[in-house]
Amino acid sequence: MRRIRACPWAEGDATTIADAQWPEYYRVRGPGGKGAILGLGAITMSNRIGRRSVISVAGLAACIAFWPALEVRAQETIKFGTALSLTGNLATEGKQVREGYDFYVKTVNERGGIDVAGKKYKVEIVYYDDESNVNTSVKLYEKLISEDGIKFLLGPYGSGITIAVSNVVEQHKLPMVVAHGAASSIYNRGYKYTFGVLNSIEHYTYNMVKMASEQSPPLKRLALLNENQLFSQLGIDGAAEQAKQFGLEVVYKEKYSSGTKDLSPELEKMKASRPDMIIAGGYTNDMILLARQIRQIGLAPKLLGYLLGPTLPGFVQALGPDAELTLEPVQWSPTVPYEDAMFGWTAKGYAEAFNKVYGHIPDYHPIQSGAALQVFQNAFQKVGGFDPQKVRDAIAATDIVTAYGPIRFNDKGQNIAKSMSVVQIQDGKPVVVYPADTAEAKLKLRH
Amino acid sequence: MQLVAQIILNGMLLGGLYACMALGFSIVWGVMNVVNLAYGSMIMLGAYVSWLAVLQLGLPFAVAPPTAAAVLFCLGYILQRILLNRLAERSVFMTLIFTFGLNMALINLNLLLFSADVRSLPDVFTRTSLSIGELSAPWSRVIIFGAGIAMTGALHVLLNFTRLGNTIKATSFDPGAARLSGIDVPHVFALTFAIGGAVAGITGSLVAASYSFSPFAGESYTMKSFVVVVLGGLGSVPGAIIGGIMLGIVENLASLLLDSGYRDAIGFALLLVVLVARPRGLLGKRFFAEVKL
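Note that the protein sequences, when read in sequence, are chains A and B.
Following the numbering used here, the numbering of the first sequence begins with 305 at its first residue and continues without gaps.
Following the numbering used here, the numbering of the second sequence begins with 3 at its first residue and continues without gaps.
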């Protein structure tokens, strides 16, 4: 297991330092280990000063000793840096994200590393924990760049945090590939160094609305409801746009206050608009309440879709039969028909290999993490080196197919080559129902 | 018209939940002048205890509310006795800081023990609704409303017609005089906080059975409790249920007639109006409502 390192600016011998405290490390190597610490080492070994100062002197010495080593080692190991939400309210997702990064590192290193200009490079990721906090994350990215000397950044988890962090990488002109930030506002600010491998939030419902328009007879009346909060608002506004495009009429569109305990006023009004399809977006607890009250109020849409929810842990369990036939767009599922050009596996093959290591079939989080790293890998190989500016330009020109899906960026840095699959809960299990070439089962209407 | 009647009924039932939430918050604030910012997290803890009892230990749901109440009662007693009593003599501000920190601690404790996943107790209450003429009321909400009324009644009796109640009130009015009369003040304060905890535990059980919950969901409960208590009046047990029902109905009507986004805005506007027009709250008694700095 790779750990969050106590002294990550020590680039030298990562595992030794990570696993041992500084004094121990020092003792193992002895003062002659590196020339630069000889003098200080003698003082330490003489043991004439207190333990505290031994530790600080040894620490200082080792840092001085390994500073030049940074440059040397960097040619053998490519280092990425990221701060993830390993604790706090996003910890569940943070863990899945990390598994994806780790799995890529493990796979690549087992195969001998990345081949750049005829030389093999191992891969390593420096992790920090942002505690699900924006301010902490910004500080940690500053630290990764300024103190740890990381040149290639992987995105954090969540749109809010990603927006803040993208300011930092833009200032330093270092490329960051985002795996888990879907808000279009991340990409709409003309930034040149932030790229996202995933579909942005306003594209989430694209296939869901398209699917509704392709039913026979096509569904006509669409009701939209979202939590009064940026992410959900962008997603539902996107759905309203797509409704226009595919000829549906938006018969109801409103937002509700976060954390509300009664959605009946909204749903009664929605009921009066007789929708064929409802799409809602918001916090999971609210979405569970929504599904319950839709039944209690006697709303009977033919399709009921969410921006997020049905595939999250707890949703189906909380709702039982009320979760049946709900829809959610997902970034990826093991059924998507893509074969990875770098690793040679299909989406299904990825899921199986991942399952062997972590003991569970991955949802979209891990492979999305891996895709971000594959974008970097491809760029390094195209450039044949590690100049951040050249790597950034190569990333902008990415055109690859991975098991996650095709990746090609528009000038805002959004991946425009991939689309979302639509998942429906059938008999308590999520199955892909759209697009047809990835479908595991036929879409069922609720009424 | 029928729609408006239905929404008012729904608002009233929602008020039952608000009353449950606010009762324990109210008694602690009214008696000890402690605004317990960790109250929502205590409700969440009650929900998790119920979840453990029912889904992990396989006990019937009927056991969950008493279990949650007992656990939270003990926790409340210990917290007040060991920690909060030390601050009771200090300013209100210190207790605010303390309960703010306690809230963080409880959230992270829940997070560590139960993860951030959304949980709930499915299939505890029947999924059917009660029909009243043209209107309908889901049984789960009717049960919570009933629990709100029952707990209000029980607390009202406890505070006004028992020796313990008189002791609590006496201590609240004048801790110094109570001490001189031989009342163990720290013990009484701890008992009061514990009773507040027990109410949070029962509310947590009900929330687990009819809503879903996660460690961070507690904050919205604290906020609503705050509004309800101020509306209904500090130190008034029936005030919690009056304030709860009023807030529920006003919120729902605002969502129906105005824009749903205004739900909270209207709720807090109501709070401001009541504070300006009747600072004690609707049923508040003079002494309780004074913030003792």
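Cβ atoms here follow ideal geometry from the backbone N, Cα and C, with glycine treated the same way.
What you are looking at is a predicted structure, and each value in this text was computed from that prediction instead of being measured.
Backbone CA spacing between residue i and residue j [nearest angstrom]
{"i": "Val401(A)", "j": "Pro460(A)", "result": "9 angstroms"}
{"i": "Ala149(B)", "j": "Gly26(B)", "result": "13 angstroms"}
{"i": "Ala483(A)", "j": "Phe384(A)", "result": "14 angstroms"}
{"i": "Lys423(A)", "j": "Thr381(A)", "result": "11 angstroms"}
{"i": "Ser238(B)", "j": "Lys399(A)", "result": "47 angstroms"}
{"i": "Asp290(A)", "j": "Asn87(B)", "result": "Not covered by the structure: residue 290(A). The range shown for chain A is 305 to 751."}
{"i": "Ile403(A)", "j": "Glu428(A)", "result": "Looking at the sequence provided, one finds Glu at residue 403(A) rather than Ile. Approximately 14 angstroms, taken between the alpha carbons."}
{"i": "Arg165(B)", "j": "Gly184(B)", "result": "14 angstroms"}
{"i": "Glu518(A)", "j": "Ala676(A)", "result": "33 angstroms"}
{"i": "Leu81(B)", "j": "Phe100(B)", "result": "11 angstroms"}
{"i": "Leu193(B)", "j": "Asn110(B)", "result": "26 angstroms"}
{"i": "Ile711(A)", "j": "Tyr556(A)", "result": "35 angstroms"}
{"i": "Phe63(B)", "j": "Leu54(B)", "result": "11 angstroms"}
{"i": "Asp125(B)", "j": "Lys660(A)", "result": "35 angstroms"}
{"i": "Ser133(B)", "j": "Pro140(B)", "result": "9 angstroms"}
{"i": "Asn492(A)", "j": "Phe499(A)", "result": "11 angstroms"}
{"i": "Leu11(B)", "j": "Tyr662(A)", "result": "50 angstroms"}
{"i": "Gly618(A)", "j": "Phe75(B)", "result": "28 angstroms"}
Cutoff 7 angstroms: residue i Cβ touching any chain A Cβ
{"i": "Gly60(B)", "result": "no"}
{"i": "Phe163(B)", "result": "no"}
{"i": "Asn112(B)", "result": "no"}
{"i": "Val239(B)", "result": "no"}
{"i": "Asp176(B)", "result": "no"}
{"i": "Val144(B)", "result": "no"}
{"i": "Gly263(B)", "result": "yes"}
Bounding residues of the beta strand (DSSP E) (the contiguous stretch that carries residue i)
{"i": "Gly551(A)", "result": "First-last for Gly551(A): undefined, no H or E at that position."}
{"i": "Gln730(A)", "result": "Ser725 to Gln730"}
{"i": "Tyr20(B)", "result": "No beta strand (DSSP E) holds Tyr20(B); the alpha helix (DSSP H) holding it covers Gln4 to Met34."}
{"i": "Val482(A)", "result": "Met480 to Val482"}
{"i": "Phe384(A)", "result": "Thr381 to Leu388"}
{"i": "Leu631(A)", "result": "Thr630 to Val634"}
Within-7 angstroms CB hit, residue i to chain B
{"i": "Pro666(A)", "result": "no"}
{"i": "Thr742(A)", "result": "no"}
{"i": "Ser568(A)", "result": "yes"}
{"i": "Asn532(A)", "result": "yes"}
{"i": "Gln537(A)", "result": "no"}
{"i": "Gly624(A)", "result": "yes"}
{"i": "Gly613(A)", "result": "no"}
{"i": "Ser577(A)", "result": "no"}
{"i": "Pro617(A)", "result": "yes"}
{"i": "Ala395(A)", "result": "yes"}
{"i": "Ile490(A)", "result": "no"}
{"i": "Tyr560(A)", "result": "yes"}
{"i": "Ile592(A)", "result": "yes"}
Residue i, buried or exposed, once every other Cβ within 10 Å from all chains shown has been counted against 16
{"i": "Ile665(A)", "result": "exposed"}
{"i": "Pro67(B)", "result": "buried"}
{"i": "Ile505(A)", "result": "buried"}
{"i": "Gly103(B)", "result": "exposed"}
{"i": "Glu414(A)", "result": "exposed"}
{"i": "Gly220(B)", "result": "buried"}
{"i": "Gln4(B)", "result": "exposed"}
{"i": "Lys559(A)", "result": "buried"}
{"i": "Asp715(A)", "result": "exposed"}
{"i": "Leu277(B)", "result": "exposed"}
{"i": "Met480(A)", "result": "buried"}
{"i": "His507(A)", "result": "buried"}
{"i": "Ser93(B)", "result": "exposed"}
Distance cut-off 6 angstroms: residue i Cβ against heavy atoms of the ligand MG
{"i": "Leu594(A)", "result": "In the structure on display, the ligand MG does not appear, and there are no ligands present to speak of."}
Span of the alpha helix (DSSP H), counted from its first residue to its last, around residue i
{"i": "Arg756(A)", "result": "Lying outside 305 to 751, the shown extent of chain A, residue 756(A) is not represented and no answer is given."}
{"i": "Val144(B)", "result": "Trp141 to Phe163"}
{"i": "Ile720(A)", "result": "First-last for Ile720(A): undefined, no H or E at that position."}
{"i": "Lys660(A)", "result": "Ala651 to Tyr662"}
{"i": "Met399(A)", "result": "The amino acid at residue 399(A) is misidentified as Met; the sequence shows Lys. Unbroken alpha helix (DSSP H) run through Lys399(A): Ala395 to Glu414."}
{"i": "Leu132(B)", "result": "Unbroken run through Leu132(B) is the beta strand (DSSP E), Ser131 to Ile134; no alpha helix (DSSP H)."}
{"i": "Ile671(A)", "result": "Tyr668 to Val687"}
Contained alpha helix (DSSP H) runs [length at least 4] in the region 54-122 of chain B, N- to C-terminal order:
66-80, 87-90 and 94-116
Which complete beta strand (DSSP E) runs does the region 441-468 of chain A hold, if anything under 3 residues is left out?
456-458
Jot down the residue ranges of each uninterrupted alpha helix (DSSP H) in the region 224-259 of chain B, minimum 4 residues, whole runs only, in chain order.
239-259
For the region 205-223 of chain B, enumerate the residues whose C-beta is nearer than 8 angstroms to any C-beta of chain C, in chain order.
Considering every chain present, this structure includes no chain C. Its protein chains are A and B.
For the region 169-228 of chain B, list the alpha helix (DSSP H) runs that are entirely contained and at least 4 residues long, ordered along the chain.
177-182 and 187-212
Could you pull out every unbroken beta strand (DSSP E) segment of at least 3 residues lying fully inside the region 492-529 of chain A, listed in chain order?
498-500
As an exercise, report each continuous alpha helix (DSSP H) stretch of at least 4 residues that is fully enclosed by the region 538-618 of chain A, in chain order.
568-576 and 588-601
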